[in-house]
Amino acid sequence: MDAAQNMTQEVAKRHRLSTRIWHWLNACVATILLMSGLMIFNAHPHLYWGDFGSREDYAWLQIDDTRTTGFVRIGSARVETTGVFGLSLGSNDNVRRVAFPGWATIPTGYDLAAARRWHFVFAWAFALGLTVFMLASLFNGHIRKDLHVRRAEWSAAAIWTDIKNHARLRLSPEHGLSNYNIIQKFSYIGVIFLLLPLLILTGITMSPAMNAAWPWLLDLFGGRQSARSLHFIAAFLLALFVVVHLIMVLLSGPINGIRSMITGRHVTASKPDQGGKLP
Amino acid sequence: MTDDRTSFRRRDVLRGVTLGSSALILSGCDVMNENATFRSALRVAEKLNQATHRTLTDRAALAPEFALSDISPVFKTNGSLTGTSTDYLAHLQNNFADWRLRIDGMVANPMDIGLEALRAMPARTQITRHDCVEGWSAIAQWQGTPLRLLLQQAQLSPRAKYIVFHCADNYGARPYYESIDVIDAFHPQTILAWGMNGETLPVKYGAPVRLRVERQLGYKHAKYVMRIEATDDLSKFHGGKGGYWEDVGDYEYYAGI
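In order, the protein sequence lines correspond to chains A and B. Under my numbering, the first residue of the first sequence carries the number 1, and numbering increases by one thereafter. Under my numbering, the first residue of the second sequence carries the number 1001, and numbering increases by one thereafter.
Listed below in structure tokens is the structure:
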């Protein structure tokens, strides 16, 4: 007989249907938005602060080329990035002088009009998906039960312990007040309630028509070029979150984690070291 | 045993999904991007965006205006840097003294108006931000004649839906042209600019007159305007999509985003 069958397995309900649908929808939508956004960035690979900006000497970030090498410049710090950023090889080994290489953009080749069309269609799915998910999570208790940081959790010692556990990759399931530990809660709250709305609002702020309709957005973000910079930084942070999220899924039992995000059920073996934690 | 096999199979599937997904996303998206049906489906968002802007926000809302001190030290030039038609070049030699702007199409009173007469009309001065579809912005002061006054003088037909701007520059092999709808044509900030930053509009920025249609991206702001034509049908002009970049580059007709 199998060892696996000897173990008593507990099947716990982990993720609500609304969470699961939004998670996978958003995974696709955010990927498309990121990749089409990188193509849009390629049309003018400089970022500025304020209202105005049209030339590299006013840019705080520049991803460009010297015809033979590619480089990324942030402020006065410049790094050569030939082959990846600024200058890279296309599918036929042709040299492409673009900020982000073809494998990272939608479409692969330079096509600003198409990238804009992709971006503006999926932006609707992104904004509506987030709105519906937020409302569903408010009414089904996801926010109150799972994300809400309880009074007892606001302890420097507990937070420090959690940071140490994460640093040591000790990812055994918590038996505390809820399923998510404090670092997870902060991450998810930060992404859902700050980063994603910031992406949507800075995106809207780049629209000249919306600038006329809602000029307060320009005041909020400090001008159209600042909004463009913040949009890029927020997209970068979201990409970083996804990378860390995927690493945590791998470390905490990928099969169980992915299954629970598909079926909603999370299998916990009685042996504590086999238990997966919510990624 | 069955459980194990299932989980192995699942693991293989998962591994395949992970490795293949990035390649799939890319080639899949490129294939979809070339598909005519998919591309026209993507175009639905353009209509949706314009309808949202027009229904949910104030149609007459003014684009933000800036102070003199906000004027950009450099204003990037894009597209043509001069008109190219022989007609235009002759007018340029003559400092546009005999140049006349033609206003016709679906108007009861077609007219030709010279630069001095245009400058003598009530003018609007606005310091606005110019946003290129590529992503950059620049601020300048524009002085010009509100388009609405010219259309009223020419007695625009109530059946007219669009205002087409015929330009003197060929960009590549094709003549540049643009068009806007009547709502934007009557917006108070929509002007035919003949002055920039307190001076006569320089050639590289569209002399003798260029369109300023604030609230839309740079490619709508036609330079070297020679003729204004009112119409109810854009399909009869050039590529039929209402503008040079709409025809050639598949850019959106509504450039409010």
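For each residue, glycine too, the CB sits at the ideal point set by N, CA and C.
Review point. In terms of DSSP beta bridges, what is Trp1142 of chain B paired with?
Key: Within the second sequence, numbered from 1, the residue matching residue 1142 of chain B stands at position 142. Answer is B:Gln1126 and B:Met1196.
Check your understanding: Shorter than 8 Å from the beta carbon of Ala209 of chain A to some beta carbon of chain B?
Key -> Your numbering for residue 209 of chain A matches position 209 in the first sequence. Proximity of Ala209 of chain A to chain B, defined by a Cβ-Cβ separation below 8 Å, is satisfied.
Review point. Can we count Arg224 of chain A as close to the ligand ZN, meaning its CB is less than 7 Å from some heavy atom?
Key: No copy of the ligand ZN appears in this structure; indeed no ligand is present at all.
Point to revise | Closest by C-alpha distance to Ser36 of chain A, when choosing among A:Asp111, A:Asp64, A:Leu17 and A:Gly83 | key: Numbered from 1 along the first sequence, position 36 holds the residue referred to as residue 36 of chain A. Answer by Cα proximity: A:Asp111.
Review point. Got a sec? Which residues, its chain only, sit under 8 Å from Ile200 of chain A by beta carbon, not counting five neighbours each side?
Key: To locate residue 200 of chain A, count along the first sequence from 1; it is residue 200. Hits under 8 Å: Ala123, Phe126, Ala127 and Leu130.
Point to revise | Beta-bridge pairing of Ala12 of chain A - partner residues as DSSP gives them | key: On the first sequence, position 12 is the one that residue 12 of chain A refers to. Paired residue(s): A:His266.
Review point. Along the chain, which unbroken stretches of the alpha helix (DSSP H) at least 4 residues long are found entirely within the stretch 1065 to 1106 of chain B?
Key: Segments of the alpha helix (DSSP H) lying fully in the stretch 1065 to 1106 of chain B: 1086 to 1093.
Practice item. Look at Asp1112 of chain B and Ala213 of chain A and say whether their C-beta atoms are less than 8 Å apart. Key: Translated into positions along the second sequence, residue 1112 of chain B becomes position 112. Translated into positions along the first sequence, residue 213 of chain A becomes position 213. No. Outside cutoff.
Point to revise | Segment contact, 8 Å Cβ cut-off, at least three pairs: the stretch 1184 to 1194 of chain B with the stretch 1207 to 1216 of chain B | key: Yes, the stretch 1184 to 1194 of chain B touches the stretch 1207 to 1216 of chain B.
Point to revise | Range of the contiguous beta strand (DSSP E) that encloses Phe1237 of chain B | key: Within the second sequence, residue 1237 of chain B is the residue found at index 237, counting from 1. Segment: none, Phe1237 of chain B is in no beta strand (DSSP E) and carries neither H nor E.
Review point. Which first and last residues belong to the beta strand (DSSP E) in which Thr202 of chain A is found?
Key: Here the question's residue 202 of chain A lines up with position 202 in the first sequence. Per DSSP, Thr202 of chain A belongs to no beta strand (DSSP E); it is in the alpha helix (DSSP H), Leu196 to Thr205.
Exercise for review: Note down, in chain order, every chain B residue with its Cβ under 9 Å from the Cβ of Ala114 of chain A.
Suggested key: As a position in the first sequence, residue 114 of chain A is number 114, starting the count at 1. Ordered by position in chain B, the residues that pass the 9 Å Cβ test against Ala114 of chain A are Asn1033, Arg1039, Leu1042 and Asp1250.
Check your understanding: Below 8 Å, can you find three or more Cβ-Cβ pairs linking the stretch 1119 to 1129 of chain B to the stretch 1159 to 1167 of chain B?
Key -> With a cut-off of 8 Å on Cβ pairs, the stretch 1119 to 1129 of chain B is not in contact with the stretch 1159 to 1167 of chain B, counting fewer than three such pairs.
**Study point:** C-alpha gap between Asn256 of chain A and Phe139 of chain A, whole angstroms
**Key:** In the first sequence, the residue the question calls residue 256 of chain A occupies position 256. In the first sequence, the residue the question calls residue 139 of chain A occupies position 139. Cα to Cα, the separation comes out at about 27 Å.
Check your understanding: In whole angstroms, what separates the C-alpha of Phe221 of chain A from that of Leu1151 of chain B?
Key -> Stepping through the first sequence from its first residue, residue 221 of chain A is reached at position 221. Stepping through the second sequence from its first residue, residue 1151 of chain B is reached at position 151. Taking the Cα positions, Phe221 of chain A is about 38 Å away from Leu1151 of chain B.
**Study point:** With 16 other Cβ atoms within 10 Å as the buried cut-off, status of Arg259 of chain A
**Key:** Residue mapping note: residue 259 of chain A aligns to position 259 of the first sequence, counting from 1. With 16 or more other Cβ atoms inside 10 Å of its own Cβ, Arg259 of chain A counts as buried.
Point to revise | Any 3 or more C-beta pairs closer than 8 Å across the stretch 149 to 167 of chain A and the stretch 23 to 32 of chain A | key: Because the criterion of three Cβ pairs below 8 Å is not met, the stretch 149 to 167 of chain A and the stretch 23 to 32 of chain A do not touch.
Check your understanding: Do we get a CB-CB distance below 8 Å when we pair His245 of chain A with the residues of chain B?
Key -> Taking the first residue of the first sequence as 1, we reach residue 245 of chain A at position 245. So, not an interface residue.
Review point. Listed in chain order, which residues of the stretch 87 to 98 of chain A have Cβ atoms closer than 9 Å to some Cβ of chain B?
Key: Here the close residues number zero.
Check your understanding: For Gln1153 of chain B, which of helix, strand or coil comes out of DSSP?
Key -> Taking the first residue of the second sequence as 1, we reach residue 1153 of chain B at position 153. Under the three-state reduction of DSSP, Gln1153 of chain B is assigned to helix.
Check your understanding: Is it true that the stretch 180 to 188 of chain A meets the stretch 215 to 233 of chain A, where meeting means three or more beta-carbon pairs spaced less than 8 Å apart?
Key -> Between the stretch 180 to 188 of chain A and the stretch 215 to 233 of chain A there are fewer than three inter-stretch CB-CB distances shorter than 8 Å, so the stretches are not counted as touching.
Check your understanding: Near Ser226 of chain A, which residues of its chain fall below 7 Å by C-beta distance, leaving aside the five closest residues on each side in sequence?
Key -> Within the first sequence, the letter at position 226 stands for residue 226 of chain A. These residues qualify, in order along the chain: Trp49 and Gly50.
**Study point:** Interface residues of chain B facing Ile106 of chain A [CB-CB closer than 7 Å]
**Key:** Sequence index remark: in the first sequence, residue 106 of chain A carries index 106 (1-based). For Ile106 of chain A, the C-beta contacts it makes with chain B under 7 Å involve Cys1029, in order along the chain.
Check your understanding: Where do the ends of the beta strand (DSSP E) carrying His231 of chain A lie?
Key -> Numbered from its first residue, the first sequence carries residue 231 of chain A at position 231. Where His231 of chain A is concerned, there is no enclosing beta strand (DSSP E), although the alpha helix (DSSP H) it sits in stretches over Arg224 to Leu251.
Check your understanding: Touch check for the stretch 1034 to 1050 of chain B and the stretch 185 to 192 of chain A: three-plus C-beta pairs under 8 Å?
Key -> Put simply, the stretch 1034 to 1050 of chain B does not touch the stretch 185 to 192 of chain A. Fewer than three CB pairs are less than 8 Å apart.
**Study point:** Chain-ordered residues of the stretch 1214 to 1236 of chain B with a beta carbon less than 8 Å from chain A
**Key:** Cβ contacts with chain A come from Glu1214, Arg1215, Gln1216 and Leu1217.
Exercise for review: Apply the 10 Å Cβ neighbour rule to Pro1073 of chain B and answer buried if 16 or more other Cβ atoms are within range, or exposed otherwise.
Suggested key: On the second sequence, position 73 is the one that residue 1073 of chain B refers to. Of the residues assessed, Pro1073 of chain B falls on the exposed side of the cut-off, its CB having fewer than 16 other CB atoms within 10 angstroms.
Exercise for review: Measure the CB-CB distance between Asp1070 of chain B and Ile1139 of chain B and report whether it falls below 8 Å.
Suggested key: Sequence index remark: in the second sequence, residue 1070 of chain B carries index 70 (1-based). Sequence index remark: in the second sequence, residue 1139 of chain B carries index 139 (1-based). In this structure, the beta-carbon distance from Asp1070 of chain B to Ile1139 of chain B falls below 8 Å.
Check your understanding: Given that a residue counts as buried once 16 or more other Cβ atoms are within 10 Å of its Cβ, and exposed if not, what is Thr205 of chain A?
Key -> Your numbering for residue 205 of chain A matches position 205 in the first sequence. That one is buried.
Exercise for review: Can you pull the chain A residues whose beta carbon is under 7 Å from the beta carbon of Val1133 of chain B, in chain order?
Suggested key: For the purposes of this step, residue 1133 of chain B is taken as the residue at position 133 of the second sequence. Taking a Cβ-Cβ threshold of 7 Å, the residues of chain A close to Val1133 of chain B are Leu112, in chain order.
Check your understanding: Rounded C-beta distance between Asn42 of chain A and Thr81 of chain A? I'm assuming under 8 Å.
Key -> Residue 42 of chain A sits at position 42 when you count from the first residue of the first sequence. Residue 81 of chain A sits at position 81 when you count from the first residue of the first sequence. Actually they do not touch by this definition, with Cβ atoms about 14 Å apart.
Check your understanding: For the candidate residues B:Leu1092, B:Gly1079, B:Val1248 and B:Gln1143, whose alpha-carbon lies nearest to that of Gly1198 of chain B?
Key -> Position 198 of the second sequence, counted from the start, is the residue given in the question as residue 1198 of chain B. Ranking B:Leu1092, B:Gly1079, B:Val1248 and B:Gln1143 by Cα distance to Gly1198 of chain B puts B:Gln1143 first.
**Study point:** C-beta neighbour in chain A for Leu1062 of chain B, strict 8 Å
**Key:** The residue given as residue 1062 of chain B occupies position 62 in the second sequence. Chain A, which has a Cβ nearer than 8 Å to the Cβ of Leu1062 of chain B, makes this yes.
Review point. Name the DSSP bridge partner or partners of Met1111 of chain B?
Key: Residue mapping note: residue 1111 of chain B aligns to position 111 of the second sequence, counting from 1. Met1111 of chain B is bridged to B:Ile1103.
Review point. Which first and last residues belong to the beta strand (DSSP E) in which Tyr1224 of chain B is found?
Key: The residue you call residue 1224 of chain B lines up with position 224 of the second sequence. For Tyr1224 of chain B, no beta strand (DSSP E) encloses it, and the DSSP letter there is neither H nor E.
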